[in-house]
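Chemist:
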Amino acid sequence: MNKIKVKLNNCEQFINKSDYDGIFIEIENALLLLENKQGKGNDYLGWVELPNTISQVLLDDLNKTARKIRNESNILVVIGIGGSYLGSKAVIDALKGYFTNKGIEVLFMGNSISSTYISEIVDYLKDKEFSVNVISKSGTTTEPAIAFRVINELLIKKYGKKANERIYVTTDEKKGALRKLANEFHYKSFVIPSDVGGRFSVLTPVGLLPIAVAGFDINKLLNGAKQAYENSHENVKNYIAARNILYRKGKKIEIMVNYEPKLHYLIEWWKQLFGESEGKDGKGIFPAGVDFSADLHSMGQYMQDGERILFETVLNIKQPIKDYSIPKTNDDKDGLRYIEGESINYVNSQAMKGTIAAHVEGKVPNIEITIPILNEETIGYLLYFFEKSCGVSGYVLGVNPFNQPGVEKYKTNMFTLLGKPGY
Ligand code: PA5
89 MNKIKVKLNN CEQFINKSDY DGIFIEIENA LLLLENKQGK GNDYLGWVEL
139 PNTISQVLLD DLNKTARKIR NESNILVVIG IGGSYLGSKA VIDALKGYFT
189 NKGIEVLFMG NSISSTYISE IVDYLKDKEF SVNVISKSGT TTEPAIAFRV
239 INELLIKKYG KKANERIYVT TDEKKGALRK LANEFHYKSF VIPSDVGGRF
289 SVLTPVGLLP IAVAGFDINK LLNGAKQAYE NSHENVKNYI AARNILYRKG
339 KKIEIMVNYE PKLHYLIEWW KQLFGESEGK DGKGIFPAGV DFSADLHSMG
389 QYMQDGERIL FETVLNIKQP IKDYSIPKTN DDKDGLRYIE GESINYVNSQ
439 AMKGTIAAHV EGKVPNIEIT IPILNEETIG YLLYFFEKSC GVSGYVLGVN
489 PFNQPGVEKY KTNMFTLLGK PGY
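In the working numbering, the protein residues as written are 89 to 511.
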C-alpha cells in the first residue's frame with residue numbers, strides 16, 4: 089500500500105517548533121498509557137489488538153454468512169445506531185459505486201425515530217427478498233429495539249416459521265435483551281467483545297458482517313488496519329500534536345473536509361468517534377464535517393470569514409476511482425474553454441489547493457491527510473489510525489475517551505416522558 093501521510097506544512101504559521109517539542113512528550117506518555125493499559129477506561133481497550141488478534145475462524149464464518157445472506161436476499165437491513173452502524177455505513181459508502189451495488193443492497197434502520205422512515209422502509213421491503221442484521225452491544229437501545237420489532241413482524245408475515253433463518257444478531261456474548269432473544273429463537277449470532285466500545289467496534293462483526301455482505305474484502309480491510317497498527321506512530325503523533333496545540337491556542341472546532349462525497353459517512357463515523365470520546369468534563373475539540381466543493385457554497389463563507397475558532401483537516405485522495413474529461417465544444421458559449429479537455433479530477437484538485445491557500449490566509453490552519461486511493465486497505469488503515477489517534481488524544485486532553493456518561497441524560501428524560509417502568 090502506498091503510504092497514507094499526515095502533512096502539517098499548512099500549520100507552520102500557527103505552530104512553533106517549541107509547541108511541538110512540548111506536546112510530543114505528552115503524546116509519548118499517552119501512547120504508553122494506552123499500550124500498557126494504565127490509562128482511564130482501560131477495560132475498554134480490546135480494539136487496540138484487534139487487527140492482530142481477530143481469528144481466521146471468525147473471518148471465515150463472517151465470509152460464509154455473508155455469502156449465505158447474498159444468496160438468499162437482495163437486501164440486507166442493518167439495524168443499529170451510533171457505533172453499531174456508522175463504521176459499516178462509512179466503509180460501504182466509501183467503497184461502493186454511487187449508483188451501483190455489488191449485487192446486494194445494504195439499507196440501514198434503527199438510527200433514528202422517524203416514523204416516516206420506518207413506514208417507507210416497511211413499504212419498500214414488502215415485496216423484496218431481505219435479511220436482517222440487528223446490532224446492539226447493550227442489546228437494549230431503544231431505536232434499534234423498535235426497528236427490530238417492526239422488521240421481525242414483517243419477516244414473520246412474509247416468511248412464517250422461516251423468518252428466524254433471516255435474522256442475524258450481533259451483540260454481547262452474555263448480556264442484554266438481544267442475546268436472550270438470539271438464544272431463545274436460535275438466531276445466528278456474532279459476539280461484540282465486552283472490552284470493545286461501540287464507536288471502536290468497526291473491526292469486529294459489528295462492521296465486518298455488513299461490509300462483507302456488501303461485497304468488500306474484510307481480510308484486506310484488516311490488512312490495512314494492521315499496517316496502521318504496526319506503522320502509524322509518526323502519523324498519530326503529528327495529527328494529535330497539531331490538533332491539540334491548535335485547540336490550546338483557541339481553535340476549538342476541527343472541520344474534517346472531503347473533496348470526494350463518498351467520504352461523507354467516514355466523516356460522520358469520525359465525528360462520533362472523536363465527539364463521544366473527547367467531549368466531556370467541559371473539554372474537547374468540537375468535530376464537524378463538510379463535503380467540498382458542495383459546502384464551499386454554504387459553510388465556505390463561515391470558514392473563510394467567520395469567527396476564527398476553526399482548523400480544518402483535509403482528506404486528500406491522490407487518485408480517484410474514475411476520471412472524466414470535460415467535453416470540448418465549438419462555440420464555448422458556457423465559457424469553459426480554459427478547462428475543456430482537462431480531467432475533472434484535476435479541476436477538483438485545483439479547487440482543493442485554492443481553498444486551502446485561501447483558508448490558511450484567512451487564519452484557518454490546515455492539516456492534510458493524503459490517501460493514495462480509496463480501497464479496502466487504505467480505509468482499513470484510516471479506521472485504525474483514527475481510533476488510535478482518538479485514544480491518545482483523549483489521554484492528552486485528560487479525559488476518559490472510552491465512556492459516554494453524557495448520552496444517558498436525554499434517555500432518562502425520554503423514558504420518564506414515555507412512562508417506562510422505573511423512570
Ligand atoms: O460508542 C458507543 O458506545 C455508542 O455510540 C453506541 O455505539 C450506541 O449508543 C449504540 O449502542 P448499542 O450498540 O448498545 O445499541
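Backbone N, C-alpha and C define an ideal beta-carbon position, used for all residues, glycine too.
Candidates F503, Q492, N501 and S477: which alpha carbon is nearest L119's?
Modeler: Along the sequence shown, one-based indexing puts residue 119 at 31. The candidate whose alpha carbon is nearest that of L119 is S477.
Chemist: Under a three-way DSSP split, which group does A302 fall into?
Modeler: Sequence index remark: in the sequence shown, residue 302 carries index 214 (1-based). DSSP places A302 in coil when its eight states are reduced to three.
Chemist: With a cut-off of 8 angstroms, do at least 3 Cβ pairs link the stretch 456–468 to the stretch 302–311?
Modeler: These segments touch.
Chemist: Taking all protein chains shown into account, decide if Q438 is buried (16 or more other Cβ within 10 angstroms of its Cβ) or exposed.
Modeler: Within the sequence shown, the letter at position 350 stands for residue 438. That one is exposed.
Chemist: Do the CB positions of Y256 and S202 come within less than 8 angstroms of each other?
Modeler: Position 168 of the sequence shown, counting from 1, holds the residue named residue 256. Position 114 of the sequence shown, counting from 1, holds the residue named residue 202. The answer is no: Cβ separation not under 8 angstroms.
Chemist: Which one of Y412, V402, D369 and E449 has the shortest CA to CA distance from D393?
Modeler: Start at 1 with the first residue of the sequence shown, and residue 393 comes out as number 305. The shortest Cα separation from D393 among Y412, V402, D369 and E449 belongs to E449.
Chemist: Using 8 angstroms as the cut-off, can you tell me whether the stretch 336–346 makes contact with the stretch 486–496, which would need three or more C-beta pairs spanning the two stretches below that distance?
Modeler: Cβ pair count under 8 angstroms is below three, so no.
Chemist: Go through its chain and collect everything with a Cβ distance to N326's Cβ below 7 angstroms, but skip five positions before and after it.
Modeler: By one-based count along the sequence shown, residue 326 stands at place 238. Cβ within range, chain order: V94 and L96.
Chemist: Nearer than 7 angstroms: is that true of the beta carbon of R287 relative to any heavy atom of ligand 1?
Modeler: Taking the first residue of the sequence shown as 1, we reach residue 287 at position 199. True, at least one ligand heavy atom lies under 7 angstroms from that Cβ.
Chemist: Skipping 5 residues on each side, what residues in its chain have a beta carbon closer than 6 angstroms to that of S207?
Modeler: As a first step, residue 207 is located in the sequence shown; it is residue number 119 there, counting from the start. If we look at S207 and ignore the five residues flanking it on each side, it has no Cβ neighbours.
Chemist: Just reading off the beta strand (DSSP E) that D379 is part of, what are its end residues?
Modeler: The residue given as residue 379 occupies position 291 in the sequence shown. Start and end: F374 to D379.
Chemist: Between the stretch 146–161 and the stretch 365–375, can you find at least three pairs of beta-carbon atoms closer than 8 angstroms?
Modeler: Short answer: they don't touch.
Chemist: What separation, rounded to the nearest whole angstrom, lies between the Cα atoms of E114 and V145?
Modeler: The sequence position of residue 114 within the sequence shown is 26, counting from 1. The sequence position of residue 145 within the sequence shown is 57, counting from 1. Taking the straight line from one Cα to the other gives about 39 angstroms.
Chemist: With DSSP as the reference, label S224 as helix, strand or coil.
Modeler: As a position in the sequence shown, residue 224 is number 136, starting the count at 1. Strand at S224.
Chemist: Hey, D379 and P408: beta-carbon distance below 8 angstroms or not?
Modeler: Along the sequence shown, read from residue 1 onward, the residue named residue 379 stands at position 291. Along the sequence shown, read from residue 1 onward, the residue named residue 408 stands at position 320. Going by C-beta atoms, D379 is not nearer than 8 angstroms to P408.
Chemist: State yes or no: is the C-beta of F236 within less than 8 angstroms of the C-beta of G175?
Modeler: Taking the sequence shown and counting its residues from 1, one reaches residue 236 at position 148. Taking the sequence shown and counting its residues from 1, one reaches residue 175 at position 87. Their beta carbons are not under 8 angstroms apart, which means F236 does not touch G175 by this criterion.
Chemist: Run through the stretch 241–291 for me and flag every whole alpha helix (DSSP H) of 4 or more residues, listed as ranges in chain order.
Modeler: The stretch 241–291 contains these whole alpha helix (DSSP H) runs: 265–273.
Chemist: Pick helix, strand or coil for E116, following the three-state DSSP scheme.
Modeler: Stepping through the sequence shown from its first residue, residue 116 is reached at position 28. Three-state result, E116: helix.
Chemist: Less than 8 angstroms between the C-beta atoms of I457 and T401, yes or no?
Modeler: In the sequence shown, counting from the first residue as 1, residue 457 sits at position 369. In the sequence shown, counting from the first residue as 1, residue 401 sits at position 313. Yes. Within cutoff.
Chemist: Can you tell which of N221, N117 and Y186 has the C-alpha that lies nearest to the C-alpha of I157?
Modeler: Taking the sequence shown and counting its residues from 1, the one referred to as residue 157 is at position 69. Of N221, N117 and Y186, the residue nearest in Cα terms is N221.
Chemist: Report the option in V480, P460, M391 and S481 whose CA atom is closest to the CA atom of A445.
Modeler: Residue numbering aside, residue 445 sits at position 357 when the sequence shown is read from its first letter. That would be M391, whose Cα lies nearest to the Cα of A445.
Chemist: Roughly how many whole angstroms lie between the Cα atoms of V284 and G264?
Modeler: Taking the first residue of the sequence shown as 1, we reach residue 284 at position 196. Taking the first residue of the sequence shown as 1, we reach residue 264 at position 176. Roughly 16 angstroms between the two C-alpha positions.
Chemist: Are L297 and F278 close, meaning C-beta to C-beta below 8 angstroms?
Modeler: On the sequence shown, residue 297 is found 209 positions in, with the first residue counted as 1. On the sequence shown, residue 278 is found 190 positions in, with the first residue counted as 1. Cβ atoms of L297 and F278: closer than 8 angstroms.
Chemist: Counting only the same chain and skipping the five closest in sequence on each side, list residues whose C-beta sits under 6 angstroms from that of I414.
Modeler: Looking up residue 414 in the sequence shown gives position 326. Around I414: I427, E428 and E430.
Chemist: Evaluate H321 with the Cβ neighbour count: other Cβ atoms within 10 Å of its Cβ, from every protein chain shown; 16 or more gives buried, anything less gives exposed.
Modeler: Indexing the sequence shown from 1 puts residue 321 at position 233. Exposed: under 16 other Cβ atoms inside 10 Å.
Chemist: Does DSSP put N346 in a helix, in a strand, or in coil?
Modeler: For the purposes of this step, residue 346 is taken as the residue at position 258 of the sequence shown. Three-state DSSP puts N346 in a strand.
Chemist: List, from N- to C-terminal side, the beta strand (DSSP E) runs of 3 residues or more that fit wholly inside the stretch 399–440.
Modeler: Runs found: none.
Chemist: What three-state label does DSSP hand T512 in the structure shown?
Modeler: What is shown of the chain runs 89 to 511, which leaves residue 512 out entirely.
Chemist: Please work out which residues of its chain come closer than 6 angstroms, Cβ to Cβ, to K125, disregarding the five sequence neighbours upstream and downstream, and give them in chain order.
Modeler: Position 37 of the sequence shown, counting from 1, holds the residue named residue 125. Only L133 meet the Cβ criterion.
Chemist: Considering Cα atoms alone, identify which of N162, K216, I180 and A178 is closest to E193.
Modeler: By one-based count along the sequence shown, residue 193 stands at place 105. E193 has its Cα closest to that of N162, out of N162, K216, I180 and A178.
Chemist: Buried or exposed for K364, going by 16 or more other Cβ atoms inside 10 Å?
Modeler: Stepping through the sequence shown from its first residue, residue 364 is reached at position 276. The question names Lys, but residue 364 in the sequence shown is Glu. Its Cβ being crowded by 16 or more others within 10 Å, E364 is buried.
Chemist: Check the Cβ-Cβ distances between E395 and every residue of chain C, and say whether any is below 8 angstroms.
Modeler: In the structure shown, chain C does not exist; there is a single protein chain.
Chemist: Within 10 angstroms of its Cβ, does H447 collect 16 or more other Cβ (buried), or is it exposed?
Modeler: In the sequence shown, the residue the question calls residue 447 occupies position 359. So H447 counts as buried.
Chemist: Which of the three DSSP states, helix, strand or coil, is assigned to E456?
Modeler: Taking the first residue of the sequence shown as position 1, residue 456 is located at position 368. Looking at E456 - three-state DSSP - the assignment turns out to be strand.
Chemist: Alpha carbon to alpha carbon, how far is Y275 from I111? Give it in angstroms, no decimals.
Modeler: On the sequence shown, position 23 is the one that residue 111 refers to. On the sequence shown, position 187 is the one that residue 275 refers to. Looking at the two C-alpha atoms, the distance is approximately 49 angstroms.
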